[in-house]
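Chains as they are written, first to last, in this note's numbering: chain A, 20 to 344; chain B, 5 to 460. The C-beta atom is built at its ideal place from N, Cα and C for all residues, glycine as well.
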């Protein structure tokens, strides 16, 4: 098991190098260090010396991929690409354009993001699975058909609509919850209510459809027929057999998301003014702060890969047939 | 008049030509014909197909760009001069709405402005009044006009419906009409024609009244919201269709070769898509769009007019979306190819010495067709919705381009007003909802018919 995890972690390294390569290409090939210096220093009175000193200060004066001046291995290692990637691997994200330490910013903003994303995730999971089980219990009935139509309709509405409608109804018209904002601790619950509710509701359509199709696939299996033949009630069949066997495909889709919950939701956080990583990213995008976007891309990939590894591990816990090797 | 082709226009019309030839080729096979017949047996599929075609029609109308000739008196030589800015056919249809801009916000069918202005009247007293809109004619009777428009729309749509029935069933026209009316035809034409008539009625009503009112109100600078909503159709549909179509060849070629050849080819391709898919989608798109913006700023010679600029940006956005979205399909195609290549008929073909290329062409790709088709229609609705979100994040289409995302984004800033400026949001959401709902219902049907897992 441990050896397997080690191998998976090692396998993640080339992928992260690839991720770095892609972001590097996007940021440095198109937007050369010279351009960056010019944009940072302002268009007026930029002398070549100023640009050179700015580049040297940040270590941007090295060649991109191959350093022809250096000797031996340093030909490859003493380049901008390797230096930048190494920094990222040690989670040293450098400084943003506003001269703030990105790593400490990220640490600070992870908690608000997580405090919205985790309740949304858990409540959505429970609601979607119970609704799907309910529909499977009444499959083929009027309830099932009409709920499926409602699900398609919920899916077809833009997520932005739910946010705007929710804010107008709950905050502007009924004054139940504040329209936006954030507070840490238990006082903050009133701020979290609306984003969590909207997050759960907007995903209900696709979620219920997905879980329902998983359960419906299970319900035609032989073991279900056997369970019924034994005289088990439909409820026992559903919870004792269908739900347990359906867990496996559910795990594939669900576990991989869990680490990414730290990344927060771009839209939700910026609409509700929550100082999490999502709004951090969106602000960076709007300010064209490349350093932050690069850090977030790297962080997101790391979390995704952790999610993939967790998925594999959770398989062994839930399915005795699966053995990692 | 001079015809101009933008980059995306070329792609759209190229796609139309390819689709027509492709359907002409495959529809010669009775099996394919039967499958599609099966799909359209459902009345929901028929209705949503009509809605999709309606949106497609507006996309195509908006994809023919012209440069109008300048008036003769302003020309010095015999050579006809053309205007710099181009207009599309849709702009010509709505030309009255483009010209009739107001000063600021006004509600749907309103006769006065939404905000009050301070005016000094003849006696020198300052008053706060709601100024009347400049391009709304209050003399025309609203009800009479509506009835006239509805009647016209009804006659027009009915004529088109009968023409279509006649074209299909020349010899037994009357009995065919009866069958359709009673819902006994094999395909549910009744629903299709019903949807068609409804859509034409809605359009003619809104269009006729748009000559004397702002049917869906006006936005902050007085632009007509109805016109904006129709202009946005092209952006949404283009992002939905072109993105999947552009990434399709990549996904199919890489997926099939990974599954079929195995070995290092498989390793490389798997590495490629795992890397790409491990980057969070929105961030990769944002990074791509940011870089593209810088690139376009550095190369101002690539475009001459603002329309060309926003068109180029749309094209890049579609490319970036395509790059981020091929991985999912590629993974599925690889797994499916792996499964198919171990089946008996492929082994038999290999034993007979059939070349790898022929195996791919004759045995593998036809068996992947349903997955490809399902993924195209499934992705479509997701991409239309994604456009709105991306425009909100600031990495969507050009801010000068008409799109539902931009409409929502601009209207969002006015949410704090009391009473709310709701019409821009409402129009964008409704136009988007109808398109996405139709696409979702249609893809459900396609999935149900084509997916072999559903045949129990």
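Mind listing the chain B neighbours of residue i? Cutoff is C-beta to C-beta under 9 Å, in chain order.
i	result
residue 323 (chain A)	281, 282, 283 and 284
residue 54 (chain A)	298 and 302
Checking 8 Å against the spacing of the C-beta atoms, do residue i and residue j come in under that value?
i	j	result
residue 333 (chain B)	residue 259 (chain B)	yes
residue 213 (chain A)	residue 138 (chain A)	no
residue 213 (chain B)	residue 132 (chain B)	no
residue 372 (chain B)	residue 337 (chain B)	yes
residue 451 (chain B)	residue 344 (chain B)	no
residue 325 (chain A)	residue 290 (chain B)	no
residue 54 (chain B)	residue 199 (chain B)	yes
residue 247 (chain A)	residue 256 (chain A)	yes
residue 330 (chain B)	residue 390 (chain B)	no
residue 299 (chain A)	residue 311 (chain A)	yes
residue 275 (chain B)	residue 335 (chain B)	no
residue 322 (chain A)	residue 294 (chain A)	no
residue 204 (chain B)	residue 175 (chain B)	no
residue 16 (chain B)	residue 240 (chain B)	no
residue 5 (chain B)	residue 74 (chain B)	no
Give the secondary structure of residue i by DSSP, where H, G and I count as helix, E and B as strand, and everything else as coil.
i	result
residue 110 (chain B)	strand
residue 132 (chain B)	strand
residue 20 (chain B)	helix
residue 37 (chain B)	helix
residue 15 (chain B)	helix
residue 228 (chain B)	strand
residue 174 (chain B)	coil
residue 305 (chain B)	helix
residue 194 (chain A)	coil
residue 385 (chain B)	helix
residue 144 (chain A)	helix
residue 116 (chain B)	strand
residue 406 (chain B)	coil
residue 46 (chain B)	coil
residue 312 (chain A)	helix
residue 188 (chain B)	coil
List the residues of chain A whose Cβ lies closer than 9 Å to the Cβ of residue i, in chain order.
i	result
residue 437 (chain B)	172, 175, 176, 177 and 180
residue 416 (chain B)	179, 183 and 290
residue 405 (chain B)	Per Cβ cutoff of 9 Å: no residues; residue 405 (chain B) is ~18 Å from chain A at best.
residue 385 (chain B)	174 and 175
Please list the partners that residue i has in chain A, where partner means a Cβ-to-Cβ separation under 7 Å.
i	result
residue 444 (chain B)	171, 174 and 175
residue 278 (chain B)	34
residue 392 (chain B)	177 and 179
residue 465 (chain B)	Outside the displayed span of chain B (5 to 460) sits residue 465 (chain B), for which this structure offers no information.
Assuming the contact rule is C-beta atoms closer than 8 Å, residue i and residue j should be a hit. Round their C-beta distance to whole Å, please.
i	j	result
residue 250 (chain B)	residue 326 (chain B)	4 Å
residue 142 (chain A)	residue 208 (chain A)	That belief does not hold up - the Cβ atoms of residue 142 (chain A) and residue 208 (chain A) are roughly 13 Å apart, past 8 Å.
residue 38 (chain A)	residue 275 (chain A)	That belief does not hold up - the Cβ atoms of residue 38 (chain A) and residue 275 (chain A) are roughly 16 Å apart, past 8 Å.
residue 136 (chain B)	residue 115 (chain B)	6 Å
residue 65 (chain B)	residue 93 (chain B)	5 Å
residue 392 (chain B)	residue 179 (chain A)	6 Å
residue 155 (chain A)	residue 235 (chain A)	6 Å
residue 223 (chain B)	residue 428 (chain B)	6 Å
residue 125 (chain A)	residue 306 (chain A)	Actually they do not touch by this definition, with Cβ atoms about 16 Å apart.
residue 63 (chain B)	residue 238 (chain B)	5 Å
residue 297 (chain A)	residue 132 (chain A)	6 Å
Report the neighbours of residue i on chain B: residues whose CB is nearer than 7 Å to its CB, in chain order.
i	result
residue 315 (chain A)	287
residue 267 (chain A)	The premise fails here: residue 267 (chain A) is roughly 17 Å from chain B at the closest Cβ pair, so nothing lies under 7 Å.
residue 328 (chain A)	Correct list: empty, because the minimum Cβ distance to chain B is about 12 Å.
residue 305 (chain A)	398
residue 301 (chain A)	397
residue 319 (chain A)	283, 284 and 287
Note down, in chain order, every chain B residue with its Cβ under 8 Å from the Cβ of residue i.
i	result
residue 46 (chain A)	291 and 295
Could you tell me which chain A residues have their CB closer than 8 Å to the CB of residue i, listed as they occur along the chain?
i	result
residue 389 (chain B)	177 and 178
residue 448 (chain B)	171
residue 441 (chain B)	171, 172 and 175
* Do three or more CB pairs link the stretch 330-341 of chain A to the stretch 285-296 of chain B at distances below 8 Å? -> no
* To do: Would you check if the stretch 233-240 of chain B and the stretch 365-380 of chain B touch, i.e. whether three or more CB-CB distances between them fall below 8 Å?
  => no
* Does the stretch 440-453 of chain B come close enough to the stretch 379-398 of chain B that 3 or more CB-CB pairs lie under 8 Å? -> yes
* Asked: Quick check: the stretch 238-250 of chain B against the stretch 415-425 of chain B, are there 3 or more CB pairs under 8 Å?
  -> no
* Tell me, please, whether the stretch 214-229 of chain B touches the stretch 302-309 of chain B by the rule of three or more beta-carbon pairs shorter than 8 Å. => no
* Is the stretch 22-37 of chain B in contact with the stretch 173-181 of chain B, if contact means three or more CB pairs nearer than 8 Å? -> no
* Examine the Cβ distances between the stretch 192-203 of chain A and the stretch 406-413 of chain B and report whether three or more of them are shorter than 8 Å. => no
* **the stretch 166-180 of chain A in contact with the stretch 436-443 of chain B per 3-pair CB rule at 8 Å** => yes
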